[in-house]
Amino acid sequence: MAGTQPGLLIVLCGPSGVGKSTISRILAERTGVRYAVSVTTRPKQPGDEKGKTYQHVAKEEFFRRLDNDEFLEYAQVYGDYYATPAHPTLDQLQSGLDVLLEIDVQGALQVRHAFPDALLIFVLPPDQPTLLQRLTDRGRDSEEDIQKRFRAARREIAMAKGSRAYDYMVINDDLERAVQEIMKIVRHRKSGGI
Ligand code: ADP
Ligand code: 5GP
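Add 375 to the 1-based position in the sequence shown for this note's numbering, that's all there is to it.
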């Protein structure tokens, strides 16, 4: 629609298991934000329905789409590939809708570069034992995968704390409190704040 203000691109980033999907789902329910569906080469696993919704594809299909320039950002995470399809996200933003991406740190930096006005929020766990507990509670990954994600989380958190790429760091201690804090940040940005 001519004259419509573009929507806000919101990126929720943070270690696996910190609560990004849980928060994203609540934000999508309570606000008009669209929660983007990612493409991944990671095979579907039992318990997937409780987490982020993915379109699971074969590697060939992923790379065909990558070569075709169909992705807004992509990354290899824990041996699998993940990407945000450029459409419908770009169309939604253009028509004035806010879009929420829940992606890893590599993807977040690509978005920061391509969309300097995007709102980047890094979600932190209250402490390391709690993160390990949440990774376990998800009931989706093997013990080996949980440990892989936990080791990566410690590196990601240290790097994020030393990075200027993120606009805000939010601790997901109490879920409702964290959701309220993020909603306040979004409202602030949409009303013209930094
Ligand atoms: P992510 O998407 O970051 O990998 P999830 O949203 O799947 O993380 O959350 C991981 C686990 O932690 C889930 O079992 C979820 O219910 C739980 N969880 C998320 N946020 C909180 C919270 N604030 N307090 C307690 N448990 C939480
Ligand atoms: P999981 O397999 O645990 O759902 O996700 C593993 C990691 O991939 C998480 O850090 C998650 O945020 C990230 N991820 C999910 N979708 C995307 C995406 O589209 N792009 C990028 N760069 N990372 C993603």
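Backbone N, C-alpha and C define an ideal beta-carbon position, used for all residues, glycine too.
Across which residues does DSSP place glutamine 430 in a beta bridge pair?
One-based indexing of the sequence shown puts residue 430 at position 55. Glutamine 430 pairs with Val414.
Just mark asparagine 547 as buried or exposed, buried being the case when its beta carbon has 16 or more other beta carbons within 10 Å.
Taking the sequence shown and counting its residues from 1, the one referred to as residue 547 is at position 172. Buried: at least 16 other Cβ atoms inside 10 Å.
Pick out the complete alpha helix (DSSP H) segments inside the stretch 445-475, 4 residues or longer, and give them in chain order.
Counting only runs of 4+ residues, the alpha helix (DSSP H) found wholly inside the stretch 445-475 occupies 461-469, in chain order.
What three-state label does DSSP hand lysine 425 in the structure shown?
Residue 425 sits at position 50 when you count from the first residue of the sequence shown. DSSP places lysine 425 in helix when its eight states are reduced to three.
I'd like the list of long-range same chain contacts for isoleucine 398, defined as Cβ closer than 8 Å, with 5 residues on each side in sequence excluded.
Mapped onto the sequence shown, residue 398 falls at position 23. Only Leu387, Val498, Asn547, Leu550, Ala553, Val554 and Ile557 meet the Cβ criterion.
Any heavy atom of the ligand ADP inside 8 Å of the beta-carbon of glycine 426?
Within the sequence shown, numbered from 1, the residue matching residue 426 stands at position 51. Flag set: Cβ of glycine 426 near the ligand ADP.
Leucine 327 by DSSP, collapsed to three states: which one?
For the chain, the structure presents residues 376 to 569; residue 327 sits outside this window and is missing.
What does a CB cutoff of less than 7 Å around serine 396 pick up in its chain, not counting 5 residues either side in sequence?
As a working mapping, residue 396 is identified with position 21 in the sequence shown. Gly426, Lys427 and Glu477.
Nearest by alpha-carbon distance to tyrosine 543: which of Asp516, Arg409 and Leu495 is it?
Along the sequence shown, one-based indexing puts residue 543 at 168. Nearest to tyrosine 543 by C-alpha distance, out of Asp516, Arg409 and Leu495, is Leu495.
Report yes if the C-beta of serine 391 is less than 8 Å from at least one heavy atom of the ligand 5GP; otherwise report no.
Mapped onto the sequence shown, residue 391 falls at position 16. Yes, the beta carbon of serine 391 sits closer than 8 Å to at least one heavy atom of the ligand 5GP.
Would you be able to state if there are at least three C-beta pairs under 8 Å between the stretch 523-533 and the stretch 415-425?
Remark: fewer than three beta-carbon pairs, one from each stretch, lie closer than 8 Å, so the stretch 415-425 and the stretch 523-533 are not flagged as touching.
Return yes when at least one heavy atom of the ligand ADP lies under 8 Å from the C-beta of arginine 526, else no.
On the sequence shown, residue 526 is found 151 positions in, with the first residue counted as 1. Shortest gap from the CB of arginine 526 to any heavy atom of the ligand ADP: 8 Å or more.
By alpha-carbon positions, which one of Ala483, Ile521, Phe490 and Tyr456 ends up nearest to leucine 465?
Mapped onto the sequence shown, residue 465 falls at position 90. For leucine 465, the closest alpha carbon among the candidates Ala483, Ile521, Phe490 and Tyr456 is that of Phe490.
Serine 470 versus proline 504: straight-line alpha-carbon distance, rounded
Taking the first residue of the sequence shown as 1, we reach residue 470 at position 95. Taking the first residue of the sequence shown as 1, we reach residue 504 at position 129. One C-alpha to the other measures close to 42 Å.
Helix, strand or coil: how does DSSP classify leucine 383 here?
As a position in the sequence shown, residue 383 is number 8, starting the count at 1. Note: leucine 383 maps to coil in three-state DSSP.
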